[in-house]
Structures are given as structure tokens and as C-alpha cells.
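A quick write-up on the structure given underneath.
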Amino acid sequence: MKSISIDSGSSYLKLYTILDGKEIEFSEASLIEEVPEHSQLKSKINVDGKWYVAGRIAELQKTNFQENPELGEFHGSLKQSIQWMHAFESKGLTGDYETLILSLPYDEFAKSDLRKSLKSKTRYEWLNAKNEHRSITFKSIEIVPQGVGALELYKKERGNDLPESLTLVDIGSCTTDVVSVIWDDVDEAYIYKEKGCTSIKDISTSVFIRKLSDKINEKRSLKIRIGYHELAKAINKQRFELQIGSEKIEFKEHYENLRKEFTESLAEKLKNLLGDAWRSTQNTILTGGGENFILPWDCERRTARMDIFANVKGQFMMV
């Protein structure tokens, strides 16, 4: 059964599938840029009569930095669809598929109109740079809350050694999604603790990056405009300096100080939000793009850390 799993955040898109026994992974920045018809860029695609590049190439084409990802109307937007089609084209994913499984931030997942809209579009069409028509069709669209895929992967990795209670913390670009579950002996499955499932909007990777940018500018007489993806890329490569004109700006000290502050803020938020449920949870799963911003914390001994593909891989196991 051919299926595709997508974790489509407003800062990065992650895609995962298995074709002919081969794993296919894709991750690029959630950026698009319109380009002229005569553009020689090999990754351009035509959607609804306009040419676009997306992801890495869109980032290189931009003349202005994107300071923060947007949550707003991103999910279900044309921008999101173009990013998906760019990923499909990049990995040669066309034709008929059984299922597309998507995840949404917990608060967005609660919007029935958004889920209905996303489920209604089962076919995507575009032209590639050679003017060749491409399309992909899904028999069904499945939508799950952000983070439950990582939970599924965690269950597979643990086998029968499963804790009675679990809290998953998925630190994404615009929200930190919290999913709390507890084992039900009757159904022999985890069930949601509804009051322990939410999206935290004031703790996210975009908040971290914005604060880091402010710290870099704090004592500068001439403020500089720093892009979200520029800083995120430097951090991911563990290169804590920026080249601004002829000037090199080091920011490792700011980064480490902010990690400490970020870790303490998240721990305090979870304690206040979940109360006794947070203190009593047997295991915590920490995942998402912001997982590496969190220092070893007071519950580290009961914390499992999972990489950015954990959610999208786990989702694939659910179809």
C-alpha cells in the first residue's frame, strides 16, 4: 500500500514514505518564492499558471529575510500546497497513492472546517521545469494531532515495555504541542487525557530565534535584520557566528544562556499547565525542531529525545 506521511510546519516541511522497500525522507524550509516564466531554475514548478520555487532554493532567492514563521492561515493555504508539490516533484512522487497522512498543531486540529478542507483535496497537479504535467492522487487523507506519530514510533521502539502514563512535548516553529496519554487496561491502549492536550504559543522555535536575534542586537548601535532560517541553519550546523558584510558576529554565549532560560520556561509552563499530571507522568517524549534547545532538565531521567523525523515516521506507521 503506497502512502505518504507529511509533517508540514510553518517553518519546515518533513516528508516520509517507503517505496519499493526504500525509505524516502525530505526536509526543507517552508518557503516559496514566485519566479518569472523564463527562470532557468531547475526546481521551479507551475501551479495555477504561476511559477514558483520552494524550500532551499526559495530561501536563496529571497531578497528579504523572513523574520518569523507564520501560523495564521498557513495550514490549508496555497503556500503549503506548493511546498508539498515541490517535495513530491523533488522525490519523484507521482501517480496514485492510498493515503496521505498529515499532522496539525493540536489547536489547529480542533478546527473541523480546516480538517474538512484539507481532506477534500485529494489530487495535486503541477508542471515541472520541463513543462511536463505531473499529478498525484490520494484515495484518502488522514489527519492527526501533532506529536501522535512520535508516540507511535516510541511505542514500537519500546515493545511491551510501555509506561502507564506518557506526556509528549513537540516543540515546533510556532507552537509547542503537548499530548498526554494514559494506559487503559480494558481497551489495552493509550487514551488521551484531554485536559493535558494543548498548544503552547509563547514557547516555540520562532520565539527562541526571535529572542536570540534581540540578544544579538541588544548592544549594537546599528541594529541588523536577522532571518529566522539564517539563524536556525547556523544553529543546526553548530556554527555560532553570522557574517554581516565584512563583520563576523559570534553568538554562542547568547545561545547557551537562552537555552537555559528556554528550558526553565518550558518546565515551569508544563508544571503550571498539567499540575500533578506532569509530576506523575512516567515518561516524557521530547521531539520537534526545538528539542535540541532544551538542556538536560529536572525530568531528564524519564525523558526520551526523538529527532525531527520521529513524528512523520510514526505517522507513516499508522496507515
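Counting the sequence shown from 1 gives a position; my numbering is that position plus 89.
Every residue gets a Cβ at the ideal spot worked out from N, C-alpha and C, and that includes glycine.
In this text the structure is predicted, and so the values were computed from the model without any measurement.
Same chain only: Cβ atoms within 6 Å of residue i, ignoring 5 sequence neighbours per side
i	result
threonine 370	Ser254, Thr256
threonine 294	Ser262, Gly378, Gly379
serine 206	Gly165
lysine 337	Glu330
phenylalanine 405	Ser94, Tyr105
aspartate 96	Lys103, Ser192, Asn400, Val401
lysine 228	Glu187
Residue i in three-state terms, based on DSSP
i	result
lysine 33	The structure shown does not extend to residue 33, since the chain spans only 90 to 408, so no value can be given for it.
serine 262	coil
threonine 287	strand
lysine 210	coil
lysine 111	strand
valine 267	strand
aspartate 196	helix
leucine 149	helix
isoleucine 397	coil
valine 275	coil
serine 254	strand
glutamate 162	coil
valine 296	helix
methionine 406	helix
asparagine 306	helix
leucine 130	coil
Residues that residue i bridges to, as DSSP identifies them
i	result
threonine 392	Thr373
leucine 140	Per the sequence shown, the amino acid found at residue 140 is tryptophan instead of leucine. According to DSSP, which records beta bridges pairwise, tryptophan 140 is partnered with Val124, Asn135.
glycine 184	Ile225
serine 100	According to DSSP, which records beta bridges pairwise, serine 100 is partnered with nothing at all.
alanine 176	Note: alanine 176 sits in no beta bridge, so no partner.
isoleucine 95	Leu104, Leu191
isoleucine 171	Per DSSP, none; premise fails for isoleucine 171.
serine 116	Lys103
glutamate 231	Ile190
tyrosine 281	Val270
Cutoff 7 Å; reference residue i; Cβ partners in own chain excluding five residues on either side
i	result
arginine 394	Leu375, Glu380
tyrosine 372	One point to set straight first is that residue 372 is asparagine, not tyrosine, in the sequence displayed. These residues qualify, in order along the chain: Pro252, Leu255, Arg391, Ala393.
isoleucine 93	Leu104, Thr106, Leu182, Tyr186, Leu189
leucine 320	Ile298, Leu301, Ser302
lysine 304	His343, Leu347
isoleucine 289	Thr264, Thr265, Val267, Lys358
isoleucine 280	Val270, Ile271, Asp273
cysteine 388	Thr373
asparagine 313	In the sequence as displayed, the identity of residue 313 is isoleucine instead of asparagine. Closer than 7 Å at Cβ, skipping near neighbours: Asn306, Ile333.
glycine 184	Ile225
8 Å Cβ shell around residue i - same chain, five flanking residues per side excluded
i	result
leucine 359	Thr256, Val258, Val267, Trp367
alanine 239	Leu257, Asp259, Ile374, Thr376, Met395, Ala399, Asn400, Gly403
glutamate 231	Thr188, Leu189, Ile190, Leu191, Met407, Val408
leucine 203	His164, Gly165, Leu193, Glu197
valine 124	Leu130, Lys133, Trp140, Tyr141, Val142, Gln150
isoleucine 383	Ile260, Arg348, Phe351, Thr352, Leu355, Leu375
glutamine 327	none
beta-carbon residue i near the ligand HEM non-hydrogen atom, thresh 7 Å
i	result
alanine 118	With respect to small molecules bound, the structure shown includes none, and the ligand HEM cannot be examined in it.
**Asked** Touch check for the region 239-255 and the region 205-217: three-plus C-beta pairs under 8 Å?
**Response** no
**Request:** Please list the segments of the beta strand (DSSP E) lying wholly inside the region 308-388, counting only runs of 3 or more residues, in order along the chain.
**Result:** 330-333, 336-339, 372-376
**Asked** Between the region 119-126 and the region 192-199, do three or more beta carbon pairs fall short of 8 Å?
**Response** no
**Message:** With a threshold of 8 Å, are at least 3 pairs of Cβ atoms found where one atom belongs to the region 172-181 and the other to the region 141-148?
**Reply:** yes
**Message:** With a threshold of 8 Å, are at least 3 pairs of Cβ atoms found where one atom belongs to the region 279-288 and the other to the region 338-353?
**Reply:** no
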